[in-house]
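Worksheet: one structure, shown below.
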Amino acid sequence: MIKPGAKNLITDVDGIRVGNAHHEGVISGVTAIIPDEQAVAAVDVRGGGPGTRETEVLKPDCLVDRVDGIVLSGGSVFGLDAASGAVNVLATQGRGFKIHDMTVPIVPSAILFDLINGGDKNWGDTPPYHELGRQAVLSVSHDFELGNVGAGFGATAGRIKGGLGSASAVSEDGLQVGALIAVNPVGSVTVPGTDSFWAWELEQGQEFGGVGAPKLEGDVVMDLPAEGRIGGNTTIGVVATNMALTKSQAQRVAIMAQDGYARAIRPVHTPFDGDTIFVLSTEKKQLEEPTPLSLAKIGSIAADCVARAVARAVYHADSIGGIPAYRSK
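Under this note's numbering, read the sequence shown as residues 4 to 332, first letter to last.
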């Protein structure tokens, strides 16, 4: 039997904490996902307009197989500096690889585009993201809010407010999987003309409102925002599991987890999105039967968690900067 964890957050996975920080005037923010110890990591990038840092090092044929954290940020290219702030904090905490007299944290990062959401982006030569990255790491906890939080603070989801979402699934035999997603797609997370989420059939309890199946009248049409808002998008996130995975196994889970975007967002992986998913394995539990079938199970659960997290992000978001929220439609 598989069901949501106690918090229904990615922190239901043993060894994972999350910190968030935002700037209200800029209408943007940063999320840091920090394992208690270095975690095996992988990444899969599917969107046509990605913005990332240190993703190449996560390829299975590269040297590094464990990371000290993952940073998700708004701010487009400016937001890549959030990882530098996170790295500096982790280095002072003694986290990272020891090289001679230096400590070097490994913190891959991905950014989303939230530069045209109505916030004040006139920051001169000092964008706020380095400091927001520091604050996010310093605030890590097992508890955090959803919606207008962290990297999802200034996000939009098609025509409505996006946000930060999370969901988890645990099994009776100890498997833990969780997802944390900053939702900012060009596509829609709801069935056009209805209040139903595309991910409605995966909902656990009433975690995103309990609206259920769409009541359709006529044909379903593609719902895209006005042309002026297309081009500034991207959905980014992290999947975590307590199961011990190799780097290549984590890569396969990341590939499968991308299907969660397709279950919750339409259209997805467009030329305007930089859709990216990282995977973290905290290695707290060994697979009892380390077979391809076991890996497929983890990847399938991960995809469902991603889809649920997408819907929860939008459901919990509030209107901001003139962008209406789902619950205010």
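All residues carry an ideal CB built from backbone N, CA and C; glycine is no exception.
All values derive from a computational prediction rather than experimental measurement.
What residues match up with residue 4 in a beta bridge as DSSP calls it? Bridge partners of residue 4: none, in fact.
Residues sharing a beta bridge with residue 48, DSSP: 279
Between 11, 102 and 159, which lies nearest to residue 377 when the distance is taken from Cα to Cα? No information on residue 377 is available, as it lies outside the stretch 4 to 332 that the chain covers here.
Less than 8 Å separating the beta-carbons of residue 308 and residue 180? yes
Under the three-state reduction of DSSP, which class applies to residue 133: helix, strand or coil? helix
Whose C-alpha, out of 44, 58 and 277, is nearest the C-alpha of residue 52? 277
Could you give the DSSP three-state label for residue 26: helix, strand or coil? strand
Is the separation between the beta-carbon of residue 89 and that of residue 110 shorter than 8 Å? yes
List the whole-angstrom C-beta distance separating residue 296 from residue 241, where the pair is believed to meet the contact cut-off of C-beta under 8 Å. Not quite, the Cβ-Cβ distance comes to about 24 Å (not below 8 Å), so this is no contact.
Euclidean distance between Cα positions of residue 113 and residue 49: 12 Å
Just to confirm my understanding: we take residue 288, look at its own chain, exclude 5 residues before and 5 after, and list those with CB closer than 6 Å. What are they? 177, 245 and 246
Which listed residue (268, 47, 11 and 170) has its alpha carbon closest to that of residue 192: 268
Element boundaries [beta strand (DSSP E), containing residue 38]: 31 to 38
Same chain only: Cβ atoms within 6 Å of residue 260, ignoring 5 sequence neighbours per side: 242, 280, 305, 306 and 309
Residue interval of the alpha helix (DSSP H) (run including residue 95): 85 to 95
Quick one: residues in its chain with C-beta nearer than 7 Å to the C-beta of residue 175, no 5 flanking neighbours on either side, listed in chain order? 4
Going by Cα to Cα distance, which pick from 236, 145, 171 and 205 is closest to residue 190? 236
Report the partner residues of residue 179 according to the DSSP bridge assignment. 173
If you drop the 5 nearest sequence neighbours on each side, which residues of the same chain put their C-beta closer than 7 Å to that of residue 142? 22, 23 and 24
Local conformation of residue 241 per DSSP, three classes: strand
Roughly how far, in whole angstroms, is the beta-carbon of residue 131 from the beta-carbon of residue 60, given that I think they are within contact range, below 8 Å? Contact flag wrong, Cβ pair sits at about 26 Å.
Return helix, strand or coil for residue 119, following the three-state DSSP convention. coil
Rounding to the nearest angstrom, what Cα-Cα distance links residue 205 and residue 165 in this structure? 19 Å
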